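The opening residue of the sequence shown carries number 104 in the numbering used here; numbering runs sequentially from there. Virtual Cβ for every residue (Gly too), placed ideally from N, Cα, C. Just so you know, these numbers come straight off a predicted model, no measurement behind them. Structure first, commentary second.
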Amino acid sequence: MKIATSAYPLDFFENWSQYEDKLSSWVAEAADNGADLLVFPEYAAMELATLAGADIAADLEKSLFAVSERMEDVQALHKNLAAKHGVYILGASGPVEQASGRPVNRAYFYSPSGEVDFQDKQIMTMFERDPWDIAPANPLKLFNTSLGKIAVLICYDSEYPLLSRAVSDADLILVPSCTETLAGYWRVRIGAMARALENQCVSAMSSIVGRAEWSEAVDNGHGAGGVFGPPDTGFPETGVLAEGKLNEPGWTYAEFDPAAVAHVRKDGIVRNRSHWDEQDDRTKSVTFVELG
């Protein structure tokens, strides 16, 4: 498969047509370059809050629900684009209101056949907890597609090995991210690379880039697209299949065969994935040693 993972700048829109034109252009560019799967970033859907005006977009609470109200239209647009171009799309994540009254951080996954499902973020960052009050919701999923088995770990989720272990059958883990600093970008990137190492699979990271001064939540994005694998048999020695330039908007592309994942799991120099359970007995107790 050929993956396109984005470094995506946020815009201020005066009307829906501007958003539709932007998304259509981004999808067409990746599809024209032969991509089978497109990955947009975490919270990139927050640019839709601008359709409600600058005052709403600048308000942490009101912007959440302004975006949530647009999600049905967002789904319809993505479904049409996925079918038109014959591609899978992990849409930009954004807030979706729940029966509890609080929104979750949800990324919708679209297939070229017109089917759609979603993955909710599992573990909230400090900002998502307070002051934003984003709620965790539905559990992890594993999507069985014509490209292989695909899982989604949204940003901070990629920093937790037990989450990725729960979807260890995945050939590919998608990591949409939103990071405000270089340190944040590297935390998520290191997480994405570590998950590829542990599960002997491929991970693909997308990022928000640039300034969005109209929002307190996504005002400053640092990052790049990147695709990573285990530094082992059939993969680059660095584990980096592709990496974009930091803070430069656009697509980063990488090709890999899911059969390479099966091969490295069976015949790799190391066997991280199959040896995982050997940790269990060795973590039940730790000997404390005093060294003066």
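Contact check, residue i vs residue j, beta carbons under 8 Å
i: A179; j: G217; result: no
i: M308; j: A299; result: no
i: S196; j: E145; result: yes
i: K105; j: E358; result: yes
i: S166; j: A327; result: no
i: W109; j: W354; result: Position check: residue 109 holds Ser in this sequence, whereas Trp was assumed. Taking 8 Å as the Cβ cut-off, S109 and W354 qualify as a contacting pair.
i: L193; j: V142; result: yes
i: L250; j: Y191; result: yes
i: A363; j: F331; result: no
i: S310; j: I276; result: no
i: W119; j: L163; result: no
i: A107; j: N136; result: yes
Range covered by the beta strand (DSSP E) that runs through residue i
i: F331; result: 329-331
i: D220; result: 219-223
i: D163; result: The amino acid occupying residue 163 in the given sequence is Leu; Asp does not appear at that position. That residue, L163, is in no beta strand (DSSP E); its alpha helix (DSSP H) goes 163-171.
i: N247; result: 246-248
i: M308; result: 305-314
i: R209; result: 206-213
i: E346; result: 343-346
i: A357; result: 353-358
i: P339; result: Here P339 belongs to no beta strand (DSSP E), and DSSP marks it neither H nor E.
i: A254; result: 251-255
i: L277; result: 275-279
i: I226; result: It is not in any beta strand (DSSP E) - I226 carries neither H nor E in the DSSP assignment.
i: E200; result: 197-200
i: I237; result: From DSSP, I237 is part of no beta strand (DSSP E); its letter is neither H nor E.
i: L193; result: 191-193
Host alpha helix (DSSP H) of residue i (start-end)
i: M174; result: 174-188
i: I159; result: 157-160
i: R368; result: 361-370
i: Y263; result: No alpha helix (DSSP H) contains Y263, which DSSP labels as neither H nor E.
i: S377; result: 375-378
i: G294; result: 285-302
i: E231; result: 229-232
Length of the line joining the Cα atoms of residue i and residue j
i: S280; j: E393; result: 42 Å
i: F246; j: F391; result: 43 Å
i: L349; j: G395; result: 45 Å
i: A269; j: I253; result: 12 Å
i: Q382; j: F221; result: 32 Å
i: E351; j: S377; result: 38 Å
i: R173; j: G371; result: 46 Å
i: P206; j: M227; result: 12 Å
i: D272; j: E117; result: 43 Å
i: Y111; j: S388; result: 45 Å
i: S267; j: L256; result: 8 Å
i: W317; j: G287; result: 21 Å
i: E262; j: S127; result: 32 Å
i: L265; j: E132; result: 36 Å
i: L184; j: L154; result: 21 Å
i: Q121; j: D380; result: 51 Å
i: Q303; j: A157; result: 45 Å
i: S203; j: K369; result: 45 Å
Rounded distance between the beta-carbons of residue j and residue i, thought under 8 Å
i: I159; j: A148; result: With a Cβ gap of about 14 Å, I159 and A148 do not count as contacting.
i: A169; j: Q201; result: Between Q201 and A169 the Cβ distance is about 16 Å, and since that is not below 8 Å, they are no contact.
i: H325; j: T284; result: 6 Å
i: T74; j: H366; result: Since the first residue shown for the chain is 104 and the last is 395, residue 74 is missing from the structure and cannot be characterised.
i: C258; j: V291; result: 6 Å
8 Å Cβ cutoff, residue i in contact with chain B
i: V130; result: The structure shown has no chain B; it contains just one protein chain.
- May I have a chain-ordered list of the alpha helix (DSSP H) segments no shorter than 4 residues that lie completely inside the segment 109-151? 119-135
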